[in-house]
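Below is one structure, written out as structure tokens; comments come after it.
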Amino acid sequence: MPLDFGAPLRPPQAPRLSDMVFDRLAEAIVHGQILPGENLRDQGLAERLGVSRMPVREALLRLERAGLVETSASRYTRVIEITPERTLEIVEHAGYLYGAATRMATRRMDDAQRTEALALLDAIIAAGTDRNAYFQAGRAYNRHILASCGNRSFLLVSDLVYTVDYVTRNVSFDGIMHVVRPMLDRLRRAIAEGDADAAERVVRELHGIDGDLPEVAQRAMS
117 MPLDFGAPLR PPQAPRLSDM VFDRLAEAIV HGQILPGENL RDQGLAERLG VSRMPVREAL
177 LRLERAGLVE TSASRYTRVI EITPERTLEI VEHAGYLYGA ATRMATRRMD DAQRTEALAL
237 LDAIIAAGTD RNAYFQAGRA YNRHILASCG NRSFLLVSDL VYTVDYVTRN VSFDGIMHVV
297 RPMLDRLRRA IAEGDADAAE RVVRELHGID GDLPEVAQRA MS
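So, in structure tokens, the structure goes:
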């Protein structure tokens with residue numbers, strides 16, 4: 117007998133509550149309102165946010181997948197500690213991921229998507245050394261690139277934008293922007309011209325895979 121699932125399901129128009137909890141917690145971690153190594157208890161978070169424990173648990177699982185928290189069964193769920201080794205690993209991962217997505221997006225974007233990408237890059241450049249504005253614009257830009265690359269699998273790792281911001285929050289922008297700014301200008305030009313090779317190369321450099329940025333970033337973190 118054919119299985120009857122009834123009427124077609126309709127996706128909710130409003131964001132899921134667990135998504136809202138995730139965004140709130142991720143922002144709090146990035147901005148230092150929740151500290152490295154701090155334990156996260158679902159009951160306490162639920163009370164502070166005015167929600168039930170279920171969306172908090174879902175959000176914590178998502179934070180773990182994003183690499184922002186670590187868990188030990190029946191012992192703890194806590195924000196990861198920032199170490200130089202962990203920072204380099206996460207930034208390297210992001211560089212390869214965003215580099216590939218940028219190559220694909222530069223080739224596949226339509227005119228409207230390209231225009232939006234350039235506008236978001238302009239917002240990053242305009243942010244300068246304003247850390248919060250820079251991170252906010254950067255997250256919006258990277259999410260747009262992941263959504264515009266023509267491969268939905270990349271959306272599964274889009275939460276990495278928060279993790280990169282978190283582990284690089286101790287970098288002195290004054291000590292690194294003189295290197296980053298010319299790279300952003302080159303990236304903008306490559307995307308505008310549809311040069312996928314150049315765009316990917318710049319993104320890799322921005323994440324320390326190639327070029328002089330690793331040494332500069334390490335000095336800026338010291």
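In the numbering used here, the protein residues as written are 117 to 338. Backbone N, C-alpha and C define an ideal beta-carbon position, used for all residues, glycine too. Here the structure is a predicted model, which means the values were calculated and not measured.
Item                                                                                      : Value
Alpha carbon of Ile307 to alpha carbon of Ala242, nearest angstrom                        : 18 Å
Residue range of the alpha helix (DSSP H) that includes Arg194                            : From DSSP, Arg194 is part of no alpha helix (DSSP H) but of the beta strand (DSSP E) over 192 to 195.
Assigned secondary structure, Asn258 (DSSP; H/G/I helix, E/B strand, else coil)           : helix
Coil, strand or helix - Val167 by DSSP                                                    : coil
Exposed unless 16 or more other CB atoms sit within 10 angstroms - verdict on Asp281      : buried
C-alpha distance - Val195 paired with Arg173, whole-angstrom precision                    : 14 Å
Secondary structure of Asn286, DSSP reduced to three states                               : coil
Straight-line Cα distance separating Arg255 from Ala249                                   : 10 Å
Buried or exposed by the 16-neighbour rule on C-beta atoms within 10 Å, applied to Thr284 : buried
C-alpha gap between Arg293 and Leu271, whole angstroms                                    : The question names Arg, but residue 293 in the sequence shown is Met. Cα to Cα, the separation comes out at about 28 Å.
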